[in-house]
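For reference, the structure discussed in these notes is given below.
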Amino acid sequence: MQMNTQRIGIDVGFGDVKLARLDDAGRVRTTVFPAILGRAENRTKISVGLGGRRRHIQAIEYDGQTYFIGEGAIVESRLTAARQDQDRIGSVEERVLMLAALARARVTDTLLVTGLPVLWWNSRRDLVKSWRGTHNLKVNGKSQTITVREVRPVWQPLGSFYGHFLRNDGAARADEATLRAGFGIVDIGLNTTDLTGLNNLQPVGCWTTGIRVGVRDALEVISADIEARYQVRRPLPELALALRQGGITIYREHYPMDGIATSALESLAQEIVSQATRQWGQADRFHTVLVTGGGAALLGERVRAAFPHNAEVLNNPGTANAVGFAKFAQRRIFKADRSG
(Lines of atoms letter the chains of each structure in order from A and count residues from 1; the text may use other names and numbers.)
(Lines give C-alpha, C1' and ligand atoms only; values in the text may rest on other atoms or scores of the structure.)
Protein backbone atom coordinates (compact mmCIF):
# COMPACT_ATOMS: atom_id res chain seq x y z
CA MET A 1 0.00 0.00 0.00
CA GLN A 2 1.35 3.44 -1.01
CA MET A 3 1.66 6.34 1.42
CA ASN A 4 -0.86 8.40 -0.57
CA THR A 5 -3.51 5.66 -0.65
CA GLN A 6 -6.77 7.10 0.70
CA ARG A 7 -9.51 5.11 2.42
CA ILE A 8 -12.77 6.18 0.87
CA GLY A 9 -16.48 5.46 1.31
CA ILE A 10 -18.56 5.67 -1.85
CA ASP A 11 -22.23 5.10 -2.57
CA VAL A 12 -23.00 5.06 -6.29
CA GLY A 13 -26.72 5.36 -5.77
CA PHE A 14 -29.39 5.40 -8.45
CA GLY A 15 -30.35 8.95 -7.51
CA ASP A 16 -27.06 10.52 -6.42
CA VAL A 17 -23.43 9.52 -6.18
CA LYS A 18 -22.06 10.16 -2.69
CA LEU A 19 -18.38 10.00 -1.69
CA ALA A 20 -16.97 10.52 1.80
CA ARG A 21 -13.35 10.85 2.87
CA LEU A 22 -11.31 12.19 5.75
CA ASP A 23 -9.24 15.33 5.23
CA ASP A 24 -5.80 15.87 6.71
CA ALA A 25 -7.38 17.05 9.98
CA GLY A 26 -9.50 13.89 10.26
CA ARG A 27 -12.79 15.63 9.36
CA VAL A 28 -15.31 14.00 7.07
CA ARG A 29 -15.71 15.63 3.66
CA THR A 30 -18.42 14.65 1.18
CA THR A 31 -18.91 14.94 -2.57
CA VAL A 32 -22.43 14.58 -4.01
CA PHE A 33 -23.81 14.81 -7.56
CA PRO A 34 -26.70 13.30 -9.56
CA ALA A 35 -26.02 9.76 -10.77
CA ILE A 36 -26.47 10.58 -14.42
CA LEU A 37 -24.14 10.69 -17.38
CA GLY A 38 -24.75 11.79 -20.95
CA ARG A 39 -23.04 11.79 -24.30
CA ALA A 40 -20.68 14.74 -24.51
CA GLU A 41 -21.84 17.46 -26.89
CA ASN A 42 -19.89 20.28 -28.53
CA ARG A 43 -20.42 23.26 -26.23
CA THR A 44 -20.69 26.75 -27.69
CA LYS A 45 -18.21 29.32 -26.36
CA ILE A 46 -20.35 32.29 -27.33
CA SER A 47 -21.53 34.49 -24.46
CA VAL A 48 -24.83 36.39 -24.47
CA GLY A 49 -23.00 39.20 -22.71
CA LEU A 50 -25.61 39.96 -20.06
CA GLY A 51 -23.81 38.51 -17.08
CA GLY A 52 -24.89 34.89 -17.10
CA ARG A 53 -22.35 32.41 -15.78
CA ARG A 54 -21.30 29.48 -17.93
CA ARG A 55 -22.26 26.18 -16.29
CA HIS A 56 -19.30 24.09 -15.09
CA ILE A 57 -19.57 20.55 -16.43
CA GLN A 58 -17.39 17.58 -15.58
CA ALA A 59 -16.36 15.77 -18.76
CA ILE A 60 -14.84 12.29 -18.50
CA GLU A 61 -13.15 10.53 -21.41
CA TYR A 62 -12.85 6.83 -20.63
CA ASP A 63 -12.43 3.72 -22.75
CA GLY A 64 -12.91 5.63 -25.99
CA GLN A 65 -16.10 7.46 -24.94
CA THR A 66 -16.62 10.96 -23.60
CA TYR A 67 -19.35 11.71 -21.07
CA PHE A 68 -20.85 14.70 -19.31
CA ILE A 69 -21.39 13.81 -15.67
CA GLY A 70 -23.92 14.86 -13.07
CA GLU A 71 -25.72 18.20 -13.00
CA GLY A 72 -24.60 19.41 -16.42
CA ALA A 73 -25.66 16.27 -18.23
CA ILE A 74 -29.33 17.01 -17.52
CA VAL A 75 -29.25 20.25 -19.54
CA GLU A 76 -26.25 20.00 -21.85
CA SER A 77 -26.59 16.45 -23.19
CA ARG A 78 -29.37 15.16 -25.44
CA LEU A 79 -28.69 11.51 -24.66
CA THR A 80 -28.48 10.75 -20.96
CA ALA A 81 -28.07 7.40 -19.22
CA ALA A 82 -29.44 6.53 -15.82
CA ARG A 83 -29.93 2.78 -15.74
CA GLN A 84 -32.31 1.91 -12.94
CA ASP A 85 -31.98 -1.82 -12.43
CA GLN A 86 -29.63 -4.48 -11.10
CA ASP A 87 -27.87 -4.68 -14.47
CA ARG A 88 -26.16 -1.36 -13.74
CA ILE A 89 -24.05 -3.06 -11.06
CA GLY A 90 -20.66 -3.83 -12.59
CA SER A 91 -21.45 -1.86 -15.76
CA VAL A 92 -19.27 0.74 -17.48
CA GLU A 93 -21.87 3.39 -16.57
CA GLU A 94 -21.48 2.64 -12.87
CA ARG A 95 -17.68 2.51 -13.16
CA VAL A 96 -17.56 5.92 -14.86
CA LEU A 97 -19.72 7.43 -12.10
CA MET A 98 -17.38 5.95 -9.48
CA LEU A 99 -14.32 7.36 -11.26
CA ALA A 100 -16.03 10.74 -11.66
CA ALA A 101 -16.57 10.90 -7.90
CA LEU A 102 -12.95 10.04 -7.16
CA ALA A 103 -11.80 12.63 -9.71
CA ARG A 104 -13.98 15.34 -8.13
CA ALA A 105 -12.49 14.52 -4.73
CA ARG A 106 -8.96 14.48 -6.22
CA VAL A 107 -8.40 10.89 -5.16
CA THR A 108 -5.91 8.99 -7.34
CA ASP A 109 -5.05 5.95 -5.20
CA THR A 110 -7.62 4.32 -2.96
CA LEU A 111 -9.03 1.53 -0.88
CA LEU A 112 -12.83 1.63 -1.22
CA VAL A 113 -15.79 0.58 0.90
CA THR A 114 -19.15 0.61 -0.86
CA GLY A 115 -22.60 -0.86 -0.38
CA LEU A 116 -25.21 -2.79 -2.31
CA PRO A 117 -28.94 -3.13 -1.67
CA VAL A 118 -29.80 -6.34 0.15
CA LEU A 119 -31.90 -7.44 -2.84
CA TRP A 120 -28.91 -7.23 -5.16
CA TRP A 121 -26.16 -8.51 -2.86
CA ASN A 122 -25.44 -11.42 -5.22
CA SER A 123 -23.99 -8.92 -7.76
CA ARG A 124 -21.14 -7.86 -5.45
CA ARG A 125 -18.45 -9.82 -7.36
CA ASP A 126 -19.42 -8.05 -10.59
CA LEU A 127 -18.94 -4.71 -8.87
CA VAL A 128 -15.55 -5.61 -7.40
CA LYS A 129 -14.28 -6.93 -10.74
CA SER A 130 -15.45 -3.79 -12.54
CA TRP A 131 -14.02 -1.23 -10.09
CA ARG A 132 -10.71 -2.75 -9.02
CA GLY A 133 -7.58 -1.92 -10.98
CA THR A 134 -5.80 1.00 -12.61
CA HIS A 135 -7.98 3.25 -14.75
CA ASN A 136 -6.68 5.74 -17.32
CA LEU A 137 -9.01 8.60 -18.17
CA LYS A 138 -9.18 12.26 -19.08
CA VAL A 139 -10.96 14.67 -16.78
CA ASN A 140 -11.90 17.92 -18.54
CA GLY A 141 -9.20 17.19 -21.10
CA LYS A 142 -6.41 16.37 -18.64
CA SER A 143 -4.99 12.84 -18.44
CA GLN A 144 -5.29 11.15 -15.09
CA THR A 145 -4.70 7.71 -13.60
CA ILE A 146 -6.83 6.39 -10.74
CA THR A 147 -5.84 3.20 -8.95
CA VAL A 148 -8.48 1.30 -6.97
CA ARG A 149 -6.42 -1.20 -4.98
CA GLU A 150 -9.26 -2.96 -3.16
CA VAL A 151 -13.04 -2.81 -2.98
CA ARG A 152 -14.88 -3.97 0.14
CA PRO A 153 -18.64 -4.27 -0.47
CA VAL A 154 -21.08 -4.42 2.45
CA TRP A 155 -24.84 -4.38 2.80
CA GLN A 156 -25.95 -0.84 1.98
CA PRO A 157 -27.80 -0.11 5.27
CA LEU A 158 -24.76 -1.01 7.36
CA GLY A 159 -23.18 2.26 6.25
CA SER A 160 -25.64 4.18 8.40
CA PHE A 161 -24.96 1.89 11.37
CA TYR A 162 -21.21 2.47 10.98
CA GLY A 163 -21.76 6.20 10.60
CA HIS A 164 -23.88 6.37 13.75
CA PHE A 165 -21.68 4.28 16.02
CA LEU A 166 -18.10 4.72 14.75
CA ARG A 167 -15.82 7.69 15.25
CA ASN A 168 -14.08 9.20 12.25
CA ASP A 169 -11.02 7.03 12.90
CA GLY A 170 -13.15 3.87 12.82
CA ALA A 171 -13.17 3.19 16.56
CA ALA A 172 -16.49 2.49 18.29
CA ARG A 173 -18.01 5.50 20.03
CA ALA A 174 -20.67 3.56 21.96
CA ASP A 175 -20.32 1.07 24.79
CA GLU A 176 -20.33 -2.62 23.91
CA ALA A 177 -23.68 -3.33 25.53
CA THR A 178 -25.36 -0.72 23.30
CA LEU A 179 -23.62 -1.95 20.18
CA ARG A 180 -24.76 -5.52 20.84
CA ALA A 181 -28.40 -4.54 21.32
CA GLY A 182 -31.04 -4.93 18.64
CA PHE A 183 -31.23 -2.34 15.86
CA GLY A 184 -33.50 -1.82 12.90
CA ILE A 185 -32.45 0.14 9.82
CA VAL A 186 -34.87 1.54 7.25
CA ASP A 187 -32.79 2.58 4.23
CA ILE A 188 -34.98 4.32 1.63
CA GLY A 189 -33.38 4.55 -1.79
CA LEU A 190 -34.52 5.54 -5.26
CA ASN A 191 -35.50 2.06 -6.42
CA THR A 192 -35.47 -0.11 -3.31
CA THR A 193 -35.92 0.07 0.45
CA ASP A 194 -33.81 -2.13 2.72
CA LEU A 195 -35.11 -3.24 6.12
CA THR A 196 -32.22 -4.62 8.15
CA GLY A 197 -32.30 -6.03 11.66
CA LEU A 198 -29.15 -6.44 13.76
CA ASN A 199 -28.56 -8.19 17.07
CA ASN A 200 -25.23 -8.81 18.79
CA LEU A 201 -23.56 -7.03 15.83
CA GLN A 202 -24.90 -9.60 13.37
CA PRO A 203 -27.70 -9.37 10.78
CA VAL A 204 -30.82 -11.33 11.73
CA GLY A 205 -32.42 -13.02 8.73
CA CYS A 206 -36.03 -12.89 9.89
CA TRP A 207 -35.69 -9.14 10.55
CA THR A 208 -34.06 -8.38 7.20
CA THR A 209 -35.51 -7.97 3.71
CA GLY A 210 -35.42 -5.72 0.68
CA ILE A 211 -38.49 -4.41 -1.13
CA ARG A 212 -38.76 -2.99 -4.64
CA VAL A 213 -40.23 0.29 -3.43
CA GLY A 214 -38.47 3.63 -3.38
CA VAL A 215 -38.64 7.32 -4.26
CA ARG A 216 -38.83 6.37 -7.93
CA ASP A 217 -42.44 5.26 -7.34
CA ALA A 218 -43.40 8.78 -6.25
CA LEU A 219 -41.42 10.35 -9.11
CA GLU A 220 -43.28 8.25 -11.65
CA VAL A 221 -46.62 9.48 -10.27
CA ILE A 222 -45.36 13.06 -10.63
CA SER A 223 -44.05 12.32 -14.13
CA ALA A 224 -47.43 10.93 -15.20
CA ASP A 225 -49.19 14.02 -13.86
CA ILE A 226 -46.82 16.35 -15.74
CA GLU A 227 -47.32 14.37 -18.94
CA ALA A 228 -51.10 14.52 -18.55
CA ARG A 229 -51.02 18.30 -17.98
CA TYR A 230 -48.36 19.40 -20.47
CA GLN A 231 -47.80 16.43 -22.84
CA VAL A 232 -44.09 16.44 -22.05
CA ARG A 233 -41.82 14.08 -20.15
CA ARG A 234 -38.92 15.06 -17.95
CA PRO A 235 -36.19 12.58 -16.92
CA LEU A 236 -36.55 11.20 -13.41
CA PRO A 237 -33.19 12.64 -12.19
CA GLU A 238 -34.47 16.10 -13.12
CA LEU A 239 -37.72 15.46 -11.23
CA ALA A 240 -35.77 14.19 -8.21
CA LEU A 241 -33.83 17.47 -8.15
CA ALA A 242 -37.07 19.43 -8.56
CA LEU A 243 -38.66 17.52 -5.69
CA ARG A 244 -35.84 18.64 -3.38
CA GLN A 245 -36.08 22.23 -4.66
CA GLY A 246 -39.85 22.45 -4.38
CA GLY A 247 -40.87 22.73 -8.02
CA ILE A 248 -40.01 22.84 -11.71
CA THR A 249 -40.75 25.26 -14.56
CA ILE A 250 -42.53 23.87 -17.63
CA TYR A 251 -43.11 26.32 -20.45
CA ARG A 252 -43.85 29.46 -18.42
CA GLU A 253 -45.56 27.74 -15.54
CA HIS A 254 -44.21 26.80 -12.14
CA TYR A 255 -45.21 23.22 -11.36
CA PRO A 256 -45.11 23.00 -7.54
CA MET A 257 -44.05 19.83 -5.77
CA ASP A 258 -47.04 19.71 -3.48
CA GLY A 259 -50.49 18.29 -4.03
CA ILE A 260 -49.85 15.22 -6.18
CA ALA A 261 -46.28 14.96 -4.87
CA THR A 262 -47.41 15.05 -1.23
CA SER A 263 -50.02 12.39 -1.92
CA ALA A 264 -47.49 10.18 -3.74
CA LEU A 265 -44.97 10.45 -0.90
CA GLU A 266 -47.63 9.68 1.71
CA SER A 267 -48.64 6.52 -0.14
CA LEU A 268 -45.01 5.48 -0.46
CA ALA A 269 -44.39 6.01 3.26
CA GLN A 270 -47.44 3.92 4.13
CA GLU A 271 -46.18 1.06 1.96
CA ILE A 272 -42.75 1.12 3.62
CA VAL A 273 -44.24 1.29 7.12
CA SER A 274 -46.60 -1.57 6.30
CA GLN A 275 -43.70 -3.80 5.28
CA ALA A 276 -41.61 -2.72 8.28
CA THR A 277 -44.36 -3.56 10.76
CA ARG A 278 -44.86 -6.95 9.10
CA GLN A 279 -41.15 -7.57 9.52
CA TRP A 280 -40.65 -6.11 13.01
CA GLY A 281 -44.04 -5.64 14.64
CA GLN A 282 -43.76 -2.48 16.76
CA ALA A 283 -39.94 -2.74 16.76
CA ASP A 284 -40.04 -3.31 20.52
CA ARG A 285 -37.01 -5.61 20.37
CA PHE A 286 -34.84 -2.79 19.04
CA HIS A 287 -32.80 -0.27 20.96
CA THR A 288 -33.12 2.10 17.99
CA VAL A 289 -34.66 2.16 14.51
CA LEU A 290 -32.41 4.20 12.22
CA VAL A 291 -34.20 5.85 9.29
CA THR A 292 -31.77 6.72 6.52
CA GLY A 293 -31.06 6.88 2.80
CA GLY A 294 -31.74 9.55 0.20
CA GLY A 295 -35.47 8.99 0.52
CA ALA A 296 -35.40 9.69 4.27
CA ALA A 297 -35.06 13.41 3.57
CA LEU A 298 -38.54 13.22 2.00
CA LEU A 299 -40.18 10.39 3.94
CA GLY A 300 -38.17 10.05 7.13
CA GLU A 301 -40.51 11.80 9.53
CA ARG A 302 -43.48 9.82 8.22
CA VAL A 303 -41.64 6.54 8.84
CA ARG A 304 -40.29 7.67 12.21
CA ALA A 305 -43.80 8.45 13.41
CA ALA A 306 -44.74 4.78 12.98
CA PHE A 307 -42.13 3.83 15.64
CA PRO A 308 -42.42 6.76 18.08
CA HIS A 309 -40.62 5.11 21.01
CA ASN A 310 -37.26 4.39 19.44
CA ALA A 311 -36.96 5.60 15.82
CA GLU A 312 -34.79 8.49 14.69
CA VAL A 313 -34.05 10.02 11.29
CA LEU A 314 -30.31 10.37 10.85
CA ASN A 315 -28.77 13.76 10.20
CA ASN A 316 -27.97 14.18 6.50
CA PRO A 317 -29.54 10.81 5.67
CA GLY A 318 -28.66 11.04 1.98
CA THR A 319 -24.92 10.84 2.70
CA ALA A 320 -25.14 8.74 5.89
CA ASN A 321 -24.19 5.46 4.20
CA ALA A 322 -21.19 6.93 2.40
CA VAL A 323 -19.96 8.59 5.62
CA GLY A 324 -20.32 5.29 7.45
CA PHE A 325 -18.43 3.46 4.71
CA ALA A 326 -15.59 5.98 5.05
CA LYS A 327 -15.42 5.47 8.82
CA PHE A 328 -15.46 1.69 8.39
CA ALA A 329 -12.68 2.00 5.80
CA GLN A 330 -10.36 3.42 8.49
CA ARG A 331 -10.39 0.04 10.27
CA ARG A 332 -8.02 -2.81 9.40
CA ILE A 333 -10.45 -4.49 7.00
CA PHE A 334 -8.42 -4.71 3.80
CA LYS A 335 -5.92 -7.30 2.61
CA ALA A 336 -3.34 -4.52 2.49
CA ASP A 337 -3.68 -4.13 6.26
CA ARG A 338 -2.81 -7.78 6.85
CA SER A 339 0.16 -7.78 4.48
CA GLY A 340 1.60 -4.48 5.71
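The opening position of the sequence shown corresponds to residue 255 in the numbering used here, with each subsequent residue numbered one higher.
Ideal Cβ placement from N, Cα and C applies to all residues, glycine included.
Excluding the 5 residues flanking it on each side, T362 has same chain C-beta neighbours closer than 6 Å at I400, in chain order. Rounded to the nearest angstrom, the Cβ distance from T285 to L273 is 4 Å, consistent with a contact under 8 Å. For the alpha helix (DSSP H) assignment, the uninterrupted runs of no fewer than 4 residues enclosed by the segment 382 to 462 are, from N- to C-terminal side, 412 to 419 and 430 to 433. For A313, the enclosing beta strand (DSSP E) begins and ends at Q312 to Y316. Under the three-state reduction of DSSP, V467 is assigned to coil, being neither helix nor strand.
The C-beta distance from R470 to L490 rounds to 7 Å, short enough to meet the 8 Å contact threshold. In this structure the segment 383 to 402 lies against the segment 310 to 325, because at least three pairs of beta carbons, one per stretch, are closer than 8 Å. Spatial neighbours of Q340 in its own chain (CB-CB distance under 7 Å, excluding positions within 5 residues in sequence) are listed in chain order as W374 and S377. DSSP, reduced to helix, strand and coil, places Q529 within a helical segment of the structure shown. In the assembly as shown, P407 is a buried residue. Its beta-carbon has 16 or more other beta-carbons within 10 Å. In the three-state reduction of the DSSP assignment, D270 falls in the strand class. With respect to the C-alpha of V486, the residue from A426, I502 and G572 having the closest C-alpha is I502.
Excluding its 5 nearest sequence neighbours in each direction, A551 has C-beta neighbours in its own chain below 7 Å: P571 and G572, listed in chain order.
By the CB criterion at 8 Å, F268 and G443 fall inside the cutoff. Going by beta carbons, V557 and G417 fall outside the 8 Å limit. DSSP lists L273 and T368 as the bridge partner or partners of I264. It is roughly 7 Å from the alpha-carbon of G280 to the alpha-carbon of N422. Of the residues G451, L433, A518 and Y505, the one whose Cα lies closest to the Cα of G468 is A518.
Here V393 is buried, its C-beta having at least 16 other C-beta atoms within 10 Å. A distance below 8 Å between beta-carbons, with the five flanking residues on each side excluded, links E520 to the following residues of its chain, in chain order: R556.
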